[in-house]
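Visitor: Starting off with a structure, shown below.
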Amino acid sequence: MLSRFVSFSFILLTIISFAGCSSERGTNVVAQVEPSVLMKSDQQTKHQKSIVLGLGCFWGAEKKFAQLPGVINVVSGYADGRGVNPNYQEIIARKNKFNPDNYAEVIEVTYHPSMISLAELYQFFFEIHDPTQGYRQGNDIGTQYRSTILVTDEQDANLARQVKAQFQTLLSANGFGEITTKIKPLDTFHPAEEYHQDYLVKNPNGYCPDHSTGVKFDQSNITEVVKVDNSAINLGKHIVVIDSEFCPYCDKFKADVANDYQGTIPMHFRKASELTGLTVVSPTYATPTLLFMEDGVERFAIQGYVNNKDFYKALGYFKLGDSEAFNVAFNEGTDGRFCKEYEIFKNTPDGVFIDKLSGAALFDTKDRFNSGSGWLSFTQPVADSVYYKEDRSYGMVRTEVRAKQSDIHLGHVFNDGPNGQPRYCINATVLEFVAREQG
Numbered sequence: 050m051l052s053r054f055v056s057f058s059f060i061l062l063t064i065i066s067f068a069g070c071s072s073e074r075g076t077n078v079v080a081q082v083e084p085s086v087l088m089k090s091d092q093q094t095k096h097q098k099s100i101v102l103g104l105g106c107f108w109g110a111e112k113k114f115a116q117l118p119g120v121i122n123v124v125s126g127y128a129d130g131r132g133v134n135p136n137y138q139e140i141i142a143r144k145n146k147f148n149p150d151n152y153a154e155v156i157e158v159t160y161h162p163s164m165i166s167l168a169e170l171y172q173f174f175f176e177i178h179d180p181t182q183g184y185r186q187g188n189d190i191g192t193q194y195r196s197t198i199l200v201t202d203e204q205d206a207n208l209a210r211q212v213k214a215q216f217q218t219l220l221s222a223n224g225f226g227e228i229t230t231k232i233k234p235l236d237t238f239h240p241a242e243e244y245h246q247d248y249l250v251k252n253p254n255g256y257c258p259d260h261s262t263g264v265k266f267d268q269s270n271i272t273e274v275v276k277v278d279n280s281a282i283n284l285g286k287h288i289v290v291i292d293s294e295f296c297p298y299c300d301k302f303k304a305d306v307a308n309d310y311q312g313t314i315p316m317h318f319r320k321a322s323e324l325t326g327l328t329v330v331s332p333t334y335a336t337p338t339l340l341f342m343e344d345g346v347e348r349f350a351i352q353g354y355v356n357n358k359d360f361y362k363a364l365g366y367f368k369l370g371d372s373e374a375f376n377v378a379f380n381e382g383t384d385g386r387f388c389k390e391y392e393i394f395k396n397t398p399d400g401v402f403i404d405k406l407s408g409a410a411l412f413d414t415k416d417r418f419n420s421g422s423g424w425l426s427f428t429q430p431v432a433d434s435v436y437y438k439e440d441r442s443y444g445m446v447r448t449e450v451r452a453k454q455s456d457i458h459l460g461h462v463f464n465d466g467p468n469g470q471p472r473y474c475i476n477a478t479v480l481e482f483v484a485r486e487q488g
C-alpha cells in the first residue's frame with residue numbers, strides 16, 4: 050500500500066536518535082512514530098460507487114464491464130419489474146408477451162470513481178450494444194432485453210442524459226435511428242441465480258454475441274482532459290492529497306485538517322488522473338490518499354482519512370526527520386540552553402513565531418522578554434493558539450504548553466514572569482519566524 054519507503058519505515062520510524070541542540074547535551078533520545086500512522090487502512094475511504102445497467106443478455110455485459118480498469122465487481126441480476134417474481138424462469142415465461150412490467154436483465158457495476166469515471170462507464174455502455182432496438186438485442190427478443198440505465202440520484206441521471214444525447218448525435222450521423230434507452234430511478238436490484246454469475250468465466254465458449262453499432266465516442270471531443278501543471282511539485286517537499294468528487298472522507302479531512310493548514314510545505318489537491326509527471330507507487334483509488342513527495346517522488350503515503358494528530362505526526366517525520374525538533378515536538382523533549390535556534394530568534398525584529406508544522410501563529414515578539422534562562426520567553430501566547438496539560442515528569446509538577454492545532458509540545462508556563470505575569474518557556478526548535486509587514 051505504501052512506497053518502497055515503507056519497509057524501511059518499520060525499522061527507522063521506531064528507532065530514530067536525536068542529538069542535543071547544544072554541545073553540552075550528549076543524550077540520544079529514541080523517537081517513535083507508529084507505523085500505523087503511515088499505513089492507514091483504506092477500507093473506510095475506498096468510496097466505491099455502483100450503477101445498474103441493462104443492455105441485453107447479462108452474460109456478455111458482465112464480462113465486458115468486468116474487464117475495465119477501475120471496475121471492482123459486476124453482478125448479473127434483475128431490476129425495474131413489477132408483478133413478476135425476480136427469477137429467471139418467470140421472467141423468461143413473460144418475454145414474448147411484451148409485458149412492459151417484466152424485469153430487465155441488468156448488471157450492477159461497482160467501480161472506483163478515482164480510476165474510472167461514471168461518464169466513461171456510460172460511454173462504454175452505449176458503445177457495446179445497440180441502444181436503438183427497443184425490446185431486443187439481435188436475436189434476443191423480449192422485454193427483459195431492453196436498454197436501460199437505473200440511477201440512485203438525479204446527478205447521475207443528468208449525466209446519463211448528456212451522454213445519451215451525445216451518442217444520439219453520433220448515431221444519427223451514421224444512419225442509425227432514435228435511442229430507446231430509458232433512464233429511470235433504481236427501485237431494487239435483485240441478484241440473479243448463482244449459475245448466471247461469471248457465466249462466461251465458467252463457460253468460456255458460451256453465448257456472447259456482439260450487438261455494438263460500431264459507433265464510438267471521439268474521446269478528444271467528448272471528454273475534456275484538463276492537464277495539470279505539476280512542475281512545482283518536482284522541486285522540494287510537497288504534500289499531494291488525492292481527492293475525488295462525492296467523497297465524504299475527503300470533505301472530512303478538509304474540514305478537520307486541510308482548511309486550517311498554513312505550513313510551509315505546500316499542500317496540493319489532485320484527482321488520481323492528474324498525477325502526470327510525478328513518481329507515485331501507492332495505489333491511487335482510495336480517497337483521500339496523502340502522498341508525501343520530495344522532488345516529485347513519493348516518499349511515503351497514508352491511504353484513507355487521517356485525523357489532525359496523526360497528520361501532524363506524519364508531517365513531523367517528513368519535515369523534521371532525525372532532529373531535535375522532532376524529539377521536542379513529539380517526545381516532550383527540551384532544547385539545549387542557548388541552542389542555535391534560540392540565538393537566531395532571541396533578537397528577531399517585530400513579528401510572529403509560528404508552529405513549525407501547521408504554520409499557526411503562536412507567540413508575538415511584543416510579548417517576548419529576555420529571562421536569561423537560555424530559552425525563548427513570552428508573557429502570553431497568541432489568543433486561542435495553545436492549550437495546557439499537567440506535567441509530573443522528573444518529579445516535578447509543571448504546566449505543559451501544547452500547540453492547539455498540531456498538538457505538538459512547545460514548553461512550559463511558570464508564574465515568575467516580569468511584573469507578576471506568566472513566563473512561557475518555549476523551545477525554539479519547533480518554531481519558525483514571520484516578520485510583520487511594515488506600513
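Numbering-wise (my numbering), the sequence shown opens with residue 50 and increments by one. Glycine is no exception: its CB is placed at the ideal position from the N, C-alpha and C atoms.
Evaluate Y499 with the Cβ neighbour count: other Cβ atoms within 10 Å of its Cβ, from every protein chain shown; 16 or more gives buried, anything less gives exposed.
Guide: The structure shown does not extend to residue 499, since the chain is modelled only from 50 through 488, so no value can be given for it.
Visitor: Measure the C-alpha to C-alpha separation of I228 and Y160 and round it to an integer number of angstroms.
Guide: Rounded to the nearest angstrom, the two C-alpha atoms are 26 Å apart.
Visitor: Work out the CA separation of E486 and N376 for me, nearest whole Å.
Guide: Using only the alpha carbons, I get a separation of about 32 Å.
Visitor: If you draw a straight line from the C-alpha of N386 to the C-alpha of S455, how long is it?
Guide: According to the sequence displayed, residue 386 carries Arg and not Asn. Cα-Cα distance, rounded: 24 Å.
Visitor: For Y137, does the three-state DSSP call read helix, strand or coil?
Guide: The answer is helix: DSSP assigns Y137 an H, G or I state.
Visitor: Measuring alpha carbon to alpha carbon, tell me which of F427, V124, T383 ends up nearest N396.
Guide: Of the candidates F427, V124, T383, the one whose C-alpha sits nearest the C-alpha of N396 is F427.
Visitor: Would you kindly check if the distance between the Cβ of I282 and the Cβ of M342 is under 9 Å?
Guide: Cβ distance < 9 Å, so M342 and I282 count as in contact.
Visitor: Could you tell me which whole beta strand (DSSP E) segments of length 3 or greater appear in the segment 395-469?
Guide: Here the runs fully enclosed are 400-404, 410-413, 425-427, 435-440, 447-452, 458-463.
Visitor: Is the distance from the Cβ of L406 to the Cβ of G312 below 9 Å?
Guide: Against a cut-off of 9 Å, the Cβ pair of G312 and L406 comes out as a contact.
Visitor: DSSP on T383, reduced to helix/strand/coil?
Guide: Coil, per DSSP.
Visitor: On the three-state DSSP scale, how would you describe D292?
Guide: Residue state, collapsed to three classes: coil.
Visitor: Taking DSSP's pairing of strands, which residues face C474 in a bridge?
Guide: The partner list for C474 (beta bridge, DSSP) reads S426, H461.
Visitor: What is the DSSP secondary structure of N122, counted as helix, strand or coil?
Guide: Strand, per DSSP.
Visitor: Start and end of the beta strand (DSSP E) containing A484?
Guide: Unbroken beta strand (DSSP E) run through A484: 480-484.
Visitor: By how many angstroms is the C-alpha of V155 removed from the C-alpha of C106?
Guide: So the alpha carbons of these two residues sit roughly 8 Å apart.
Visitor: Does the structure place the segment 163-179 close enough to the segment 203-217 that three or more beta carbon pairs sit under 8 Å?
Guide: In short, these stretches touch, since the Cβ pair count reaches three.
Visitor: Just to confirm the assignment, what range does the alpha helix (DSSP H) spanning F302 have?
Guide: Segment 297-305, the alpha helix (DSSP H) holding F302.
Visitor: Select from T237, E242, G263 the residue whose C-alpha is nearest the C-alpha of L102.
Guide: Taking only the C-alpha atoms, the option nearest L102 is T237.
Visitor: State the Cα-Cα distance for the pair T63 and Y366, rounded to the nearest angstrom.
Guide: Because T63 carries a pLDDT of 34, less than 50, the predicted location of this residue cannot be relied on, and the following value inherits that uncertainty. When rounded, the distance between both Cα atoms is 11 Å.
Visitor: Kindly list the residues whose CB is nearer than 8 Å to the CB of K131, restricted to its own chain and excluding five residues on each side of it in sequence; keep chain order.
Guide: According to the sequence as given, residue 131 is Arg; it is not Lys. Cβ neighbours of R131 beyond the five flanking positions: D150.
Visitor: Here's the rule I'm using: 16 or more other beta-carbon atoms within 10 Å means buried, otherwise exposed. How should V289 be labelled?
Guide: V289 comes out buried.
Visitor: DSSP on R348, reduced to helix/strand/coil?
Guide: It is a strand residue.
Visitor: Do H287 and P315 come within 9 Å of each other at the CB atom, strictly closer than that value?
Guide: In contact: P315 and H287 (Cβ atoms closer than 9 Å).
Visitor: Between E111 and H260, what straight-line distance do the alpha-carbon atoms span, to the nearest angstrom?
Guide: Straight-line Cα distance between these residues: approximately 14 Å.
Visitor: Specify whether the segment 111-120 and the segment 210-227 touch according to this definition: at least 3 beta carbon pairs, one from each stretch, less than 8 Å apart.
Guide: Segments in contact, no.
Visitor: Would the beta-carbon of I100 fall within 9 Å of that of V200?
Guide: Cβ atoms of I100 and V200: closer than 9 Å.
Visitor: Expressed to the nearest angstrom, what Euclidean distance is found between the alpha-carbon atoms of A321 and C296?
Guide: Rounded to the nearest angstrom, the two C-alpha atoms are 13 Å apart.
Visitor: The beta strand (DSSP E) spanning E154 covers which residue range?
Guide: That run of the beta strand (DSSP E) goes 153-160.
Visitor: If H458 sits next to E347, beta carbons under 8 Å apart, how far is it from one beta carbon to the other, in whole angstroms?
Guide: Not a contact, Cβ separation roughly 29 Å.
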